[in-house]
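According to the working numbering, the sequence shown is numbered sequentially starting from 2.
Structure first, commentary second.
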Amino acid sequence: MTAAVRRALLQFPVDGERRWLSFEAPRRTIVADELRDVPAAMAAAEQAVADGSWVVGMVSYDAGPAFDEAIRAARLRRCPLVSFGVFDAPHPAAGGPDGRPTATGGYHVGPWVSNRSRPAHLTAIRTIRELIAAGETYQVNHTLRLRSPFRGDPLGLFGDLVRAQRADHAAYLDLGDRAVCSASPELFVRREGRRLTSKPMKGTIGRHPDPEFDALASAHLARSEKDLAENTMIVDMVRNDLSRIANPRSVRVPALHTVETYPTLHTMTSTVVAESDAGPAEVFAALFPAASITGAPKVRTTEVIEALEGDGRGVYTGAVGAIAPCGTMEFNIAIRTVWVDRERGTAEYGVGGGIVWDSDPAEEWREVEHKSRVLGRARSDFRLLETMAWTPDGGVELRDRHLTRMAGSAQHFGFEFDARRVGGLLDALSDDPTCDGPRRLRLLGAPDGDVELQVAEAPE
Numbered sequence: 002m003t004a005a006v007r008r009a010l011l012q013f014p015v016d017g018e019r020r021w022l023s024f025e026a027p028r029r030t031i032v033a034d035e036l037r038d039v040p041a042a043m044a045a046a047e048q049a050v051a052d053g054s055w056v057v058g059m060v061s062y063d064a065g066p067a068f069d070e071a072i073r074a075a076r077l078r079r080c081p082l083v084s085f086g087v088f089d090a091p092h093p094a095a096g097g098p099d100g101r102p103t104a105t106g107g108y109h110v111g112p113w114v115s116n117r118s119r120p121a122h123l124t125a126i127r128t129i130r131e132l133i134a135a136g137e138t139y140q141v142n143h144t145l146r147l148r149s150p151f152r153g154d155p156l157g158l159f160g161d162l163v164r165a166q167r168a169d170h171a172a173y174l175d176l177g178d179r180a181v182c183s184a185s186p187e188l189f190v191r192r193e194g195r196r197l198t199s200k201p202m203k204g205t206i207g208r209h210p211d212p213e214f215d216a217l218a219s220a221h222l223a224r225s226e227k228d229l230a231e232n233t234m235i236v237d238m239v240r241n242d243l244s245r246i247a248n249p250r251s252v253r254v255p256a257l258h259t260v261e262t263y264p265t266l267h268t269m270t271s272t273v274v275a276e277s278d279a280g281p282a283e284v285f286a287a288l289f290p291a292a293s294i295t296g297a298p299k300v301r302t303t304e305v306i307e308a309l310e311g312d313g314r315g316v317y318t319g320a321v322g323a324i325a326p327c328g329t330m331e332f333n334i335a336i337r338t339v340w341v342d343r344e345r346g347t348a349e350y351g352v353g354g355g356i357v358w359d360s361d362p363a364e365e366w367r368e369v370e371h372k373s374r375v376l377g378r379a380r381s382d383f384r385l386l387e388t389m390a391w392t393p394d395g396g397v398e399l400r401d402r403h404l405t406r407m408a409g410s411a412q413h414f415g416f417e418f419d420a421r422r423v424g425g426l427l428d429a430l431s432d433d434p435t436c437d438g439p440r441r442l443r444l445l446g447a448p449d450g451d452v453e454l455q456v457a458e459a460p461e
């Protein structure tokens, strides 16, 4: 089996800004299908960067034992453990105004079906709680898989996922008859100069459609003893992992227990930084697999994960990203990620959460449902709508009130909203010779900030 990176599209830090970069036609590829080949693949990637190339690709969760033989992981056989493309340079990404992929359609997914029933999932959580009570583990990231028939272009699915989920670390990999569509909001590791940054997510609560109740949900997460303890435990693990390669006394936590809001949920994040001269292979050896998607203690907990989940995770909860010739490196944790097998006509989406002693099995199932909502939003035509009245002499009636209301709705649903762009569309009506009388305006806003202004004659 060889699934080599043929092209890629991802977000990456460039000159202090996040940009969409596109990679085509690799000069060569680096693939490891067996654990024994992973160290050589990582070394080859590091050498390619030293030789002045970009390296873009993925490391599967199932590759964990190659970095630490004490780590346990099952294996998803049709997913490579490591797959990188070696590129001369990126191209500016074609797509929306900022290069992000546009929702192009061109694909079909059927119903998403879990590989584990609700009763089976709840039983597994009760088993984890028994292991915690026995002192075997403190926290376990337990996951399941949703699977669906798939046909068409995975890039279309990726565009819809990005459109539906405010993802700061999204990445698409074309691996021939397979593809990775990752709309991940979670940073595994970034290296800029000697600075290493990791931003684990742990602690989640679903959004509420009512703004007042939604604010209460966010506030509840911020003071939840369970989620605060869970997040702190993972932060301590990341600090410990980074200390293995960090310069003395350089590990810090500049942001602890920050609540971030996404279209379908609120989540708690923390930021851990360190100074280090370690190269990419050494960084992965110290940090991989990530603490937030394994648990504590890491080694024993991976044994629990292997026993309870059975299936390999593949790219899910692994890492997808790139390394630039200058040494800047960024990889996500591959959550909110769909693995597409075009040859078999299937798509797979992993989802789960951290289980601790006081976890409520029913609540954990609801968290799985919240984290899966992005799949429904990916094909949703839901847009914001604001209806306004316009006249040639007065322009838009109550214009500021309308735009303020739409901006508030955009913030609530996690949509992007460019007030200046909208204002330009409204101002242009004054120069439109066809607008010679009162008009009714319908302003439609998409999750990615795209807006459509529909103009019709005002009813008498």
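No residue lacks a Cβ here, since even glycine has one placed at the ideal position from N, Cα and C.
{"Item": "N-terminal and C-terminal residue of the alpha helix (DSSP H) that Ser183 is part of", "Value": "Taken as a continuous stretch (DSSP letters only), Ser183 belongs to no alpha helix (DSSP H), being part of the beta strand (DSSP E) at Arg179 to Ser183."}
{"Item": "Gly351 vs Leu266 beta-carbon contact at 8 Å", "Value": "no"}
{"Item": "Residues that DSSP places opposite Leu386 in a beta bridge", "Value": "Leu445"}
{"Item": "With 16 other Cβ atoms within 10 Å as the buried cut-off, status of His92", "Value": "exposed"}
{"Item": "Spatial distance of Arg400 from Val423 (CA atoms)", "Value": "11 Å"}
{"Item": "Thr268: first and last residue of the uninterrupted beta strand (DSSP E) it sits in", "Value": "Leu266 to Glu276"}
{"Item": "Bridge partners - Met59, DSSP secondary structure assignment", "Value": "Ser84 and Val321"}
{"Item": "As assigned by DSSP and simplified to three states, the class of Asn241", "Value": "helix"}
{"Item": "C-alpha gap between Arg192 and Gly328, whole angstroms", "Value": "8 Å"}
{"Item": "Nonlocal neighbours in the same chain, by C-beta distance under 6 Å from Lys372, ignoring five residues either side", "Value": "Val352"}
{"Item": "Secondary structure, beta strand (DSSP E): runs of 3+ residues fully inside the stretch 348-425", "Value": "385-392"}
{"Item": "Whole-angstrom distance between Glu25 and Gly355, CA atom to CA atom", "Value": "37 Å"}
{"Item": "Helix, strand or coil at Pro460 according to DSSP, with G and I counted as helix", "Value": "coil"}
{"Item": "Assigned exposure category for Pro201 - 16 Cβ within 10 Å defines buried", "Value": "buried"}
{"Item": "Buried/exposed call for Pro393, threshold 16 Cβ in 10 Å", "Value": "exposed"}
{"Item": "Within 8 Å, strictly: CB atoms of Ala90 and Ser23", "Value": "no"}
{"Item": "Beta carbon of Phe418 nearer than 8 Å to that of Gly450", "Value": "yes"}
{"Item": "Proximal residues to His221 (C-beta, below 7 Å), its chain only, five neighbours per side dropped", "Value": "Ile206"}
{"Item": "Distance, His403 Cα to Asn333 Cα", "Value": "38 Å"}
{"Item": "Where the alpha helix (DSSP H) through Asp161 begins and ends", "Value": "Pro155 to Ala165"}
{"Item": "Backbone secondary structure at Val341 - three-state DSSP", "Value": "strand"}
{"Item": "The stretch 210-224 / the stretch 240-247 touching (three or more Cβ pairs under 8 Å)", "Value": "no"}
{"Item": "Sheet register partners of Ser118 (DSSP bridge)", "Value": "Bridge partners of Ser118: none, in fact."}
{"Item": "Alpha carbon of Pro439 to alpha carbon of Ala320, nearest angstrom", "Value": "55 Å"}
{"Item": "C-alpha gap between Glu365 and Leu309, whole angstroms", "Value": "16 Å"}
{"Item": "Anticipated Cβ contact below 8 Å, Arg73 with Asn116, distance rounded", "Value": "About 20 Å; that fails the 8 Å criterion."}
{"Item": "Residue span of the alpha helix (DSSP H) that contains Asp215, given as start and end", "Value": "Pro212 to Arg224"}
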